[in-house]
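Colleague:
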Amino acid sequence: MNSLAPLTGESVAGVPSTAIALPDELDLLPVDGLPRWFGRRLASLFMRFVSMEENSPSRLSTMLTPVAGYFRRDRHVHPRVDAESYRLEVTGVAGDQVFDLAALRELPFEDRVCVQECAGNGNHVMGSAGLCGQARWSGPSLATILERCGGVGDATHFAFHGLDRVPLLKRGYHYGLSLEELVEARAIIALEMNGEPLSRRHGFPARLVVPKVYSMSHVKWLGKIEGRTSPHNGIHNRLVFTNKELRGGRWVRVQARWIGLKSAINHCRRDRDGWVLTGCAWGGGAPITRVEVTTDGGATWEDAEVVRPDQHFDRDPALGAADMDGAWALFTHRWRPHPGEYLLASRVTNADGVVQRMEHDPKVRGHFNVTKVKWRRVQVPGL
Ligand SMILES: Nc1nc2c(c(=O)[nH]1)N[C@H]1C(S)=C(S)[C@@H](COP(=O)(O)O)O[C@H]1N2
Ligand SMILES: [Mo]
Numbered sequence: 001m002n003s004l005a006p007l008t009g010e011s012v013a014g015v016p017s018t019a020i021a022l023p024d025e026l027d028l029l030p031v032d033g034l035p036r037w038f039g040r041r042l043a044s045l046f047m048r049f050v051s052m053e054e055n056s057p058s059r060l061s062t063m064l065t066p067v068a069g070y071f072r073r074d075r076h077v078h079p080r081v082d083a084e085s086y087r088l089e090v091t092g093v094a095g096d097q098v099f100d101l102a103a104l105r106e107l108p109f110e111d112r113v114c115v116q117e118c119a120g121n122g123n124h125v126m127g128s129a130g131l132c133g134q135a136r137w138s139g140p141s142l143a144t145i146l147e148r149c150g151g152v153g154d155a156t157h158f159a160f161h162g163l164d165r166v167p168l169l170k171r172g173y174h175y176g177l178s179l180e181e182l183v184e185a186r187a188i189i190a191l192e193m194n195g196e197p198l199s200r201r202h203g204f205p206a207r208l209v210v211p212k213v214y215s216m217s218h219v220k221w222l223g224k225i226e227g228r229t230s231p232h233n234g235i236h237n238r239l240v241f242t243n244k245e246l247r248g249g250r251w252v253r254v255q256a257r258w259i260g261l262k263s264a265i266n267h268c269r270r271d272r273d274g275w276v277l278t279g280c281a282w283g284g285g286a287p288i289t290r291v292e293v294t295t296d297g298g299a300t301w302e303d304a305e306v307v308r309p310d311q312h313f314d315r316d317p318a319l320g321a322a323d324m325d326g327a328w329a330l331f332t333h334r335w336r337p338h339p340g341e342y343l344l345a346s347r348v349t350n351a352d353g354v355v356q357r358m359e360h361d362p363k364v365r366g367h368f369n370v371t372k373v374k375w376r377r378v379q380v381p382g383l
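Take our numbering: the final residue in the sequence shown is number 383, and no numbers are missing along the way.
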């Protein structure tokens, strides 16, 4: 995969360089999970079998992740929704309504740049942490839609139903959140991803996007928004995306929600006299203030250079601070190692003074919201 380019290509004082080739980038191998046990290729085959496709981690160090190759997670079924006959039904609110695609497109659009992350991303099975990405989503906000329905009425909770009817079960995917959570996250009904109409695999023609909340809630092929006076207790809420937490001496089931504070080194590329490590830091609900990098297995840590989303998008009139407060920050660290094997990781701190966990929280059991530091092993070749 890595292209080979001669590093010592220039000849010095007429002396031809030795034909030694160094790769443009180095493979960062996860220390946990399937890729470690079976290698990357078999791990990704296994993931496809359960309908998951990862972003290649090396692509996760730019502010916007391209649509082509963007991670995917669903239940195998990708409905082909006809734009003409598509309808979005809204029930259980002050005035029930049905929107066709033209009606949705006429509503004022808002933009959100946010991380989208599968709740199980980077857990002990999927150590590679590629089930995430960051895109710019545009469409009417959920608040606008509810306003057009005359308000929420008695609804305190909402269930979002997809049109991907699973054969036999005959029910589409569904997920529920409280009105309070949806307002806090400033959810939108996205019709566009990175300035293009949604692709079929990412939910054409409309999907829910809930910045800062794990993406099991970002229902694709959205067909119905159901206002409710009690929490939606579907299987994905109640069982599938849950952890157990020790609270007051008892293990209780909790649903995956707000993305925890995380960071990962995703890319190692060659520069003129060494290597550059890049990655991203996200979650935690407060601005990212610091990212440290260790290249010696945790013995020492150095500050990386951080670019926050508000710095990156500072001249974009369509994006206010609140439209990107669920977006990741990028970091860069120049690295000048001798040949050999190294153990790398990054560790993020946010404006609340919270630091990314080094170890898994013993009061939490389960596969979701795994925030601990992500170790990567790398082999640095000799000149
Ligand atoms: N309709 C529908 N929406 C869905 C799902 C699904 O299976 N069906 N999977 C959810 C899960 S678990 C994740 S992680 C995200 C993944 O979004 P993506 O496939 O666009 O990356 O979609 C969510 N929305
Ligand atoms: Mo997911």
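For every residue, glycine included, the Cβ atom is placed at its ideal position computed from N, Cα and C.
Computed from a predicted structure; not experimentally measured.
Distance check for T278 and E25, CA to CA, integer angstroms please.
Modeller: As a first step, residue 25 is located in the sequence shown; it is residue number 25 there, counting from the start. As a first step, residue 278 is located in the sequence shown; it is residue number 278 there, counting from the start. Between E25 and T278, the C-alpha separation is close to 11 angstroms.
Colleague: Is it right to say R257 is buried, meaning 16 or more other beta carbons lie within 10 angstroms of its own, or is it exposed?
Modeller: Position 257 of the sequence shown, counted from the first residue, corresponds to residue 257. Result: buried.
Colleague: State yes or no: is the C-beta of C114 nearer than 7 angstroms to some heavy atom of ligand 2?
Modeller: For the purposes of this step, residue 114 is taken as residue 114 along the sequence shown, with counting starting at 1. Incorrect: C114 has no Cβ contact closer than 7 angstroms to ligand 2.
Colleague: Enumerate, from N- to C-terminal direction, the unbroken alpha helix (DSSP H) stretches of 4 or more residues contained entirely within the region 49-128.
Modeller: Listed in chain order, they are 101-106.
Colleague: In the DSSP assignment, what residue or residues form a beta bridge with H161?
Modeller: As a first step, residue 161 must be located in the sequence shown, where it is residue number 161. H174 and K224.
Colleague: Taking the C-alpha atoms as reference points, what is the distance between V31 and R308?
Modeller: Within the sequence shown, numbered from 1, the residue matching residue 31 stands at position 31. Within the sequence shown, numbered from 1, the residue matching residue 308 stands at position 308. When rounded, the distance between both Cα atoms is 27 angstroms.
Colleague: Less than 8 angstroms between the CB atoms is what I'm expecting for A38 and E53, so what's the real figure, rounded?
Modeller: Along the sequence shown, one-based indexing puts residue 38 at 38. Along the sequence shown, one-based indexing puts residue 53 at 53. Here the sequence assigns Phe to residue 38, which means Ala is not the residue at that position. F38 to E53, Cβ: 16 angstroms. No contact.
Colleague: How should K170 be labelled, buried or exposed, when 16 other C-beta atoms within 10 angstroms of its C-beta is the threshold for buried?
Modeller: Taking the first residue of the sequence shown as position 1, residue 170 is located at position 170. When all chains shown are included, K170 counts as exposed.
Colleague: Going along the chain, which residues of its own chain have a beta-carbon closer than 7 angstroms to the beta-carbon of D310, five neighbours each way excluded?
Modeller: Taking the sequence shown and counting its residues from 1, the one referred to as residue 310 is at position 310. Contacts found: A321 and M324.
Colleague: Measure the alpha-carbon distance for T289 versus V306 and round it to whole angstroms.
Modeller: On the sequence shown, position 289 is the one that residue 289 refers to. On the sequence shown, position 306 is the one that residue 306 refers to. The alpha-carbon atoms of T289 and V306 are separated by roughly 8 angstroms.
Colleague: Going residue by residue through the region 317-366, where are the continuous beta strand (DSSP E) segments of at least 3 residues, counting only ones entirely within it?
Modeller: The qualifying runs are 329-335 and 340-350.
Colleague: Taking its Cβ as the centre, do 16 or more other Cβ atoms sit within 10 Å of S3, making it buried, or is it exposed?
Modeller: Counted from its first residue, the sequence shown places residue 3 at position 3. A caution first: S3 carries a pLDDT of 41, below 50, which makes its placement in the model unreliable, though a value can still be read off. Exposed, because fewer than 16 other Cβ atoms sit within 10 Å of the Cβ of S3.
Colleague: Suppose the cutoff is 8 angstroms on Cβ atoms and the five residues either side in sequence are ignored; what does the same chain contact list for R207 look like?
Modeller: Locating residue 207 in the sequence shown gives position 207, counting from the first residue. If we look at R207 and ignore the five residues flanking it on each side, its Cβ neighbours are I189, A190, L198, H218, V219, K220, W221 and L222.
Colleague: DSSP on W282, reduced to helix/strand/coil?
Modeller: Here the question's residue 282 lines up with position 282 in the sequence shown. In this structure, W282 counts as strand in the three-state DSSP scheme.
Colleague: Where does T144 sit, in a helix, a strand or coil, going by DSSP?
Modeller: Residue numbering aside, residue 144 sits at position 144 when the sequence shown is read from its first letter. It is helical.
Colleague: Can you look up I259 in the DSSP assignment and give me helix, strand or coil?
Modeller: To locate residue 259, count along the sequence shown from 1; it is residue 259. Note: I259 maps to coil in three-state DSSP.
Colleague: Please check the pair N55 and A135, which I expect to be a contact at CB under 8 angstroms, by giving their CB distance rounded to whole angstroms.
Modeller: On the sequence shown, residue 55 is found 55 positions in, with the first residue counted as 1. On the sequence shown, residue 135 is found 135 positions in, with the first residue counted as 1. Contact flag wrong, Cβ pair sits at about 11 angstroms.
Colleague: Going by DSSP in three states, L246 sits in which element: helix, strand or coil?
Modeller: Sequence index remark: in the sequence shown, residue 246 carries index 246 (1-based). If DSSP states are grouped into helix, strand and coil, L246 belongs with the strands.
Colleague: Cutting at 7 angstroms between CB atoms, please list the residues of its own chain near T371, excluding the five before and the five after it.
Modeller: Your numbering for residue 371 matches position 371 in the sequence shown. These residues qualify, in order along the chain: G260, L261, K262, Q356 and R357.
Colleague: Can you tell me whether DSSP reads D310 as helix, strand or coil?
Modeller: As a position in the sequence shown, residue 310 is number 310, starting the count at 1. Looking at D310 - three-state DSSP - the assignment turns out to be helix.
Colleague: Measure from the alpha carbon of A187 to the alpha carbon of each residue in A21, L168, S215 and H360, then state which is nearest.
Modeller: The count along the sequence shown starts at 1 and reaches residue 187 at position 187. The candidate whose alpha carbon is nearest that of A187 is S215.
Colleague: Starting from the C-beta of T294, find all residues in its chain whose C-beta is less than 6 angstroms away, skip the five residues before and the five after it, and write them out in chain order.
Modeller: Working through the sequence shown from its first residue, we reach residue 294 at position 294. Here the set comprises W301 and A345.
Colleague: What number of angstroms, rounded off, separates the C-alpha of R112 from the C-alpha of W137?
Modeller: Along the sequence shown, read from residue 1 onward, the residue named residue 112 stands at position 112. Along the sequence shown, read from residue 1 onward, the residue named residue 137 stands at position 137. Using only the alpha carbons, I get a separation of about 5 angstroms.
Colleague: Given a threshold of 16 other Cβ atoms within 10 Å of its Cβ, counted over all protein chains shown, does V12 qualify as buried or as exposed?
Modeller: By 1-based counting over the sequence shown, the position of residue 12 is 12. Model confidence at V12 stands at a pLDDT of 42, short of 50, so the residue's coordinates are unreliable; what they give is reported in the following sentence. Counting Cβ neighbours within 10 Å, V12 comes out exposed, since fewer than 16 surround it.
Colleague: Under DSSP, the beta strand (DSSP E) around A135 begins and ends at which residues?
Modeller: Numbered from 1 along the sequence shown, position 135 holds the residue referred to as residue 135. Start and end: C132 to G139.
Colleague: Please confirm whether R315 has its beta-carbon closer than 8 angstroms to some beta-carbon of chain B.
Modeller: Considering every chain present, this structure includes no chain B. It has just one protein chain.
Colleague: Ordered along the chain, which non-local residues of its own chain (more than five positions away) have a Cβ less than 7 angstroms from that of P16?
Modeller: Along the sequence shown, one-based indexing puts residue 16 at 16. Summary for P16: the model assigns pLDDT 45, below 50, so the residue's position carries little reliability, and this model does not support an answer.
Colleague: Take the Cβ of K374 as the centre, count every other Cβ of all protein chains shown within 10 Å, and call the residue buried at 16 or more, exposed below.
Modeller: Residue 374 sits at position 374 when you count from the first residue of the sequence shown. It counts as buried.
Colleague: Assess contact between the region 227-247 and the region 363-370, defined as three or more Cβ pairs (one per stretch) separated by less than 8 angstroms. Is contact present?
Modeller: With a cut-off of 8 angstroms, the region 363-370 and the region 227-247 count as touching, because enough Cβ pairs lie within range.
Colleague: In this structure, does DSSP put A190 in helix, strand or coil?
Modeller: Within the sequence shown, numbered from 1, the residue matching residue 190 stands at position 190. Residue state, collapsed to three classes: strand.
Colleague: Relative to the C-alpha of F368, which residue among L29, G127 and R87 is closest?
Modeller: On the sequence shown, position 368 is the one that residue 368 refers to. Of L29, G127 and R87, the residue nearest in Cα terms is G127.
Colleague: Q21 lies in the beta strand (DSSP E); which residues open and close that run?
Modeller: Position 21 of the sequence shown, counted from the first residue, corresponds to residue 21. Note that residue 21 corresponds to Ala in the displayed sequence, not to Gln. A21 to P23 is the span of the beta strand (DSSP E), which, as asked, contains A21.
Colleague: Can you find at least 3 beta carbon pairs, one from the region 88-98 and one from the region 225-237, that sit closer than 8 angstroms?
Modeller: Result yes; three or more Cβ-Cβ pairs closer than 8 angstroms.
Colleague: Is DSSP giving N266 helix, strand or coil here?
Modeller: The count along the sequence shown starts at 1 and reaches residue 266 at position 266. In this structure, N266 counts as strand in the three-state DSSP scheme.
Colleague: Can you pull every residue whose C-beta falls closer than 6 angstroms to some heavy atom of ligand 2, listed in chain order?
Modeller: Listed along the chain, these residues meet the criterion: R73, C118, A119, S215 and M216.
Colleague: Got a sec: does ligand 1 put a non-hydrogen atom nearer than 7 angstroms to the Cβ of D164?
Modeller: Sequence index remark: in the sequence shown, residue 164 carries index 164 (1-based). Checking the Cβ of D164 against ligand 1 gives yes.
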